[in-house]
Amino acid sequence: MFLLKKVKYKHILDIQHLSIRENKITCIVGESGSGKTILLRLLNKLISCDSGEIYYKEQELSSIYSIDLRRKIVMLPQQAAIFPGNIRDNLLIGLKFAEQPIVHDSELQHTLKMVHLKNKLDDPSETLSGGEKQRLALGRIILMKPEVFLLDEPSSALDDETERIIIEQLVAYTKENQKSLIMVTHSRNIAQTYADDIIEIHNGTIAHFQEVSDERYH
Ligand SMILES: Nc1ncnc2c1ncn2[C@@H]1O[C@H](COP(=O)(O)OP(=O)(O)O)[C@@H](O)[C@H]1O
Ligand SMILES: [Mg+2]
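FYI, in this note's numbering the residues of the sequence shown are 45 to 262.
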């Protein structure tokens with residue numbers, strides 16, 4: 045689905061070849077500062093590589109309009125923005141930015157359940173905790189129904205139990221709806237449990253690529 049060839053970004057990333065599969069759960073692991081966030085930002089065309097090529101479904105990213113690309117590929121940053129207003133406003137704002145149709149409250153409520161939030165749609169969003177804000181932002185991008193989710197440490201502010209519930213929901217949703225999930229995680233346990241593929245980055249290069257799923261089911 046994604047193909048990277050000889051991609052360089054400043055002195056930070058240097059990737060000879062990387063292929064990321066469609067309809068799979070891909071986890072990106074590696075120490076802090078190794079280039080994980082930069083890689084996600086390249087895939088979402090928030091930044092462009094200095095040399096090399098990045099393809100999404102055989103099309104070079106530079107030839108895809110950013111707006112079109114970001115309807116198909118949506119990124120949840122590590123510190124997702126929460127906007128003034130209530131929970132409903134914050135859920136709908138992704139759809140508004142992407143100029144997609146607004147959805148009914150029942151779908152919003154269903155999405156809140158998916159991200160394990162018990163709030164009402166009219167509740168204020170400013171008073172949520174860091175972990176709750178992160179889940180609200182996750183709900184916002186689930187509503188956008190992208191082909192690919194790019195998540196930057198989505199569960200770093202969550203306790204272990206909530207983390208497990210959210211990741212399980214997301215993985216199930218991805219599989220059931222033929223989406224693709226690419227997720228940076230600090231947790232080797234999460235990667236080993238849920239990933240089909242694990243990409244390990246070290247100092248801006250691919251240190252290791254592991255297909256887990258085939259091993260797990262044997
Ligand atoms: N816009 C930028 N310009 C220059 N250097 C940056 C920029 N953003 C991040 N870096 C540096 O690039 C390296 C990789 O960053 P990042 O991808 O954020 O790491 P992480 O793996 O922790 O997500 C770090 O050394 C960071 O300081
Ligand atoms: Mg990072």
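Ideal Cβ placement from N, Cα and C applies to all residues, glycine included.
Given the structure is predicted, the values throughout are model-derived calculations rather than measurements.
For ligand 1, residues qualifying as neighbours are Ile56, Ser76, Gly77, Ser78, Gly79, Lys80, Thr81, Ile82, where qualification means a beta carbon closer than 5 angstroms to at least one of its heavy atoms (chain order). Nearest to Leu113 by alpha-carbon distance, out of Met188, Ser231, His246, is Met188.
Boundaries of the beta strand (DSSP E) around Gln254: 249–255. Counting only runs that start and end inside the segment 53–119, the beta strand (DSSP E) elements of at least 3 residues fall at 57–64, 69–73, 95–100. Per DSSP, reduced to three states, the secondary structure at Asn221 is coil, with no helix or strand assignment. Thr171 sits exposed, since fewer than 16 C-beta atoms from the chains shown fall within 10 Å of its C-beta. Between the C-alpha atoms of Val51 and Lys80 there is a straight-line separation of about 14 angstroms. Take Asn130, set aside five residues on each side of it, and the residues of its chain with a beta-carbon closer than 8 angstroms to its own are Leu165, Asp166, Asp167, Pro168, Ser169, in chain order. Contact between Gln178 and Ala201 holds, since their C-beta atoms are separated by about 5 angstroms, short of 8 angstroms.
In this structure, the beta-carbon distance from Leu225 to Ile69 falls below 8 angstroms.
Leaving aside the five residues that flank Leu90 on each side, the residues in its chain whose CB is nearer than 8 angstroms to its CB run, in chain order, Met119. Less than 8 angstroms divides the Cβ of Ile59 from the Cβ of Thr249. A direct Cα-to-Cα measurement between Gly183 and Gly96 gives close to 34 angstroms. Less than 8 angstroms divides the Cβ of Glu244 from the Cβ of Gly74.
Inside the segment 147–177, DSSP marks whole alpha helix (DSSP H) runs of 4 or more residues at positions 149–158, from first to last along the chain. Sequence-distant Cβ neighbours of Arg115 in its own chain, meaning closer than 8 angstroms and more than five residues away, are Ala142, Gln144, Met188, Pro190. With fewer than 16 other Cβ atoms inside 10 Å of its own Cβ, Tyr109 counts as exposed. In the structure shown, Phe141 falls within a helical segment according to DSSP collapsed to helix, strand and coil.
Judged by DSSP secondary structure, Ile245 falls outside any alpha helix (DSSP H) and instead within the beta strand (DSSP E) spanning 241–246.
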